[in-house]
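Peer 1: Numbering (this note's numbering), first residue to last: 5 to 298.
Glycine included, every Cβ here is placed at the ideal spot set by N, Cα and C.
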Ligand code: SF4
Ligand code: SF4
Ligand code: SF4
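#1: What residue does the alpha helix (DSSP H) around residue 56 start on, and which one ends it?
#2: Suppose the cutoff is 6 Å on Cβ atoms and the five residues either side in sequence are ignored; what does the same chain contact list for residue 222 look like?
#3: Helix, strand or coil for residue 157, going by three-state DSSP, please let me know.
#4: Kindly list the residues whose CB is nearer than 6 Å to the CB of residue 294, restricted to its own chain and excluding five residues on each side of it in sequence; keep chain order.
#5: For the pair the region 152 to 161 and the region 179 to 195, tell me if three or more CB-CB distances fall below 8 Å.
#6: Go through its chain and collect everything with a Cβ distance to residue 49's Cβ below 8 Å, but skip five positions before and after it.
#7: What are the partner residues of residue 234, as DSSP defines its beta bridges?
#8: Do the CB positions of residue 68 and residue 164 come within less than 9 Å of each other?
#9: What is the rounded straight-line gap between the Cα of residue 147 and the Cα of residue 80?
#10: Let me check you understand the geometry: is the CB of residue 192 closer than 8 Å to at least one non-hydrogen atom of ligand 2?
#11: Which of helix, strand or coil does DSSP assign to residue 194?
#12: Using only CA atoms, which one of 169, 232, 247, 129 lies nearest to residue 63?
#13: If you check the beta carbons only, do residue 191 and residue 42 fall under 9 Å apart?
#14: CB-CB under 8 Å to residue 66, same chain, minus the five flanking residues each way: which ones, in chain order?
#15: For residue 245, does the three-state DSSP call read helix, strand or coil?
#16: Can you pull the DSSP bridge partners for residue 3?
#17: Going by the CB atoms, is the gap between residue 107 and residue 166 shorter than 9 Å?
#18: Going along the chain, which residues of its own chain have a beta-carbon closer than 7 Å to the beta-carbon of residue 116, five neighbours each way excluded?
#19: With distances taken from each beta carbon to the nearest heavy atom of ligand 3, which residues come in below 5 Å, in chain order?
#20: Return the Cβ separation of residue 111 and residue 124 in integer angstroms, given the expectation that the two are a contact with Cβ distance under 8 Å.
#21: Would you tell me roughly how many angstroms separate the C-alpha atoms of residue 119 and residue 131, rounded to the nearest one?
#22: According to DSSP, is residue 182 part of a helix, a strand, or is it coil?
#23: Decide yes or no for the touch test of the region 202 to 214 against the region 229 to 243: beta carbon pairs closer than 8 Å, at least 3 of them.
#24: Can you tell me which of the three DSSP states residue 41 falls into?
#25: Secondary structure at residue 145, three-state DSSP: helix, strand or coil?
#26: My output table needs one value for residue 86: the three-state DSSP class, helix, strand or coil.
#27: Is residue 166 helix, strand or coil when you go by DSSP?
#28: Return the first residue and the last residue of the beta strand (DSSP E) that residue 122 is part of.
#29: What are the partner residues of residue 218, as DSSP defines its beta bridges?
#30: Looking only at its own chain, which residues have a Cβ that is under 6 Å from the Cβ of residue 109, when we skip the five neighbours before and after it?
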């Protein structure tokens, strides 16, 4: 890396947090809002049409939903599938939960990407630009939801994750998974509208929903919001994230990057702390690299 590129990269790291705050402020000023998706897990029937639609839309592995018995074990998103549906046995019966990138308002993956390959669009989706990506995988370590996955078997690995069908949104379409859901379990829209609908459902049916909208506050707020009939820790969600945006945790060592010549020690320290924290939680939840049995 030449001197000019080095300083450009270092400057990018230090400016990322500022940029994210500015883009939110600019959106608010223009009356624009980030978009997102409301997932009502009480409506999901576990058909996995969303998985198929996503894979068809983005040329990924298309699961054989009739024969693969995938609901019998817990799965994680992978470098082959941006989204998966898991089944949880709960006191209120089987609950099906779709999982994908949460499109955090202030995304840790974006904050950790030194070259803006992972970036938050002004509309809200967090997307990835392969032409800029260095392959450092900091985004993978930083994500509190363990979403970005690298193509380990490729000679030129891509970072794979849901991008909220950003290209489709620009064509005026809904995300492919939302369009495919036959049960009205997924709703696309602006966050304010989705929050109003979610609150209305929770307040109108207190016996049907727990009094929480997952994603309203978690990790500073996310683009995907969830409703549930049972406490979220019973259906695979992390409930230890707090309300602080994750980039706040990395800020200290991100701003130190220019001071310590590309900041490798500081970055590694920060990454190690994040990684340790995530591993502790994953172990306590029973997740493994290949998923965990219920
Ligand atoms: S869920 Fe992870 S990958 Fe998705 S925006 Fe948040 S930090 Fe980034
Ligand atoms: S691997 Fe992730 S953090 Fe590293 S450059 Fe690529 S998108 Fe950015
Ligand atoms: S929003 Fe698009 S990329 Fe994301 S899970 Fe749905 S279909 Fe897949």
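Peer 2: Quick answer:
#1: The residue labelled residue 56 in the question sits at position 52 within the chain shown. Unbroken alpha helix (DSSP H) run through residue 56: 53 to 61.
#2: Against the chain shown, residue 222 aligns to sequence position 218. If we look at residue 222 and ignore the five residues flanking it on each side, its Cβ neighbours are 245.
#3: On the chain shown, residue 157 is found 153 positions in, with the first residue counted as 1. Here residue 157 sits in coil by DSSP.
#4: One-based indexing of the chain shown puts residue 294 at position 290. Residue placement at residue 294 is poorly supported in this model, since its pLDDT is 34, which falls under 50; the coordinates are not used for a value here.
#5: no
#6: Stepping through the chain shown from its first residue, residue 49 is reached at position 45. Hits under 8 Å: 100, 186, 187, 189.
#7: Residue mapping note: residue 234 aligns to position 230 of the chain shown, counting from 1. According to DSSP, residue 234 bridges with nothing at all.
#8: Locating residue 68 in the chain shown gives position 64, where the first residue counts as 1. Locating residue 164 in the chain shown gives position 160, where the first residue counts as 1. Going by C-beta atoms, residue 68 is not nearer than 9 Å to residue 164.
#9: What you label residue 147 is simply residue 143 of the chain shown in a count that begins at 1. What you label residue 80 is simply residue 76 of the chain shown in a count that begins at 1. Approximately 14 Å, taken between the alpha carbons.
#10: Here residue 192 is taken as the residue at index 188 of the chain shown, counted from 1. Residue 192: no, Cβ never under 8 Å from ligand 2.
#11: Taking the first residue of the chain shown as position 1, residue 194 is located at position 190. For residue 194, the secondary structure class from DSSP, reduced to helix, strand or coil, is strand.
#12: Along the chain shown, read from residue 1 onward, the residue named residue 63 stands at position 59. Out of 169, 232, 247, 129, the CA that lies nearest to the CA of residue 63 is found in 169.
#13: The residue you call residue 191 lines up with position 187 of the chain shown. The residue you call residue 42 lines up with position 38 of the chain shown. Going by C-beta atoms, residue 191 is nearer than 9 Å to residue 42.
#14: Reading the chain shown from its first residue, position 62 is the one you call residue 66. Within the same chain, residue 66 has close Cβ partners 56, 59, 60.
#15: Residue 245 sits at position 241 when you count from the first residue of the chain shown. If DSSP states are grouped into helix, strand and coil, residue 245 belongs with coil.
#16: With the chain covering 5 to 298 only, the question about residue 3 has no answer from this structure.
#17: By one-based count along the chain shown, residue 166 stands at place 162. By one-based count along the chain shown, residue 107 stands at place 103. Result yes, Cβ atoms of residue 166 and residue 107 sit closer than 9 Å.
#18: Residue numbering aside, residue 116 sits at position 112 when the chain shown is read from its first letter. Result list for residue 116: 142, 143, 146, 254, in chain order.
#19: 58, 86, 87, 104, 166, 168, 169, 179, 180, 181
#20: Numbered from its first residue, the chain shown carries residue 111 at position 107. Numbered from its first residue, the chain shown carries residue 124 at position 120. Their Cβ separation, rounded to whole angstroms, is 6 Å, which keeps residue 111 and residue 124 in contact under 8 Å.
#21: Counting from one through the chain shown, the residue named residue 119 turns up at place 115. Counting from one through the chain shown, the residue named residue 131 turns up at place 127. Residue 119 and residue 131: Cα-Cα distance of roughly 13 Å.
#22: Here the question's residue 182 lines up with position 178 in the chain shown. Residue 182: helix per DSSP, three-state reduction.
#23: yes
#24: As a working mapping, residue 41 is identified with position 37 in the chain shown. Strand at residue 41.
#25: As a position in the chain shown, residue 145 is number 141, starting the count at 1. Residue 145 falls in the helix class under three-state DSSP.
#26: For the purposes of this step, residue 86 is taken as the residue at position 82 of the chain shown. DSSP places residue 86 in coil when its eight states are reduced to three.
#27: For this step, residue 166 is matched to residue 162 along the chain shown. If DSSP states are grouped into helix, strand and coil, residue 166 belongs with coil.
#28: As a first step, residue 122 is located in the chain shown; it is residue number 118 there, counting from the start. Residue 122 -> beta strand (DSSP E) spans 122 to 124.
#29: In the chain shown, residue 218 corresponds to position 214, counting from 1. Answer is 230, bridged to residue 218.
#30: As a first step, residue 109 must be located in the chain shown, where it is residue number 105. Answer for residue 109: 224, 225, listed in chain order.
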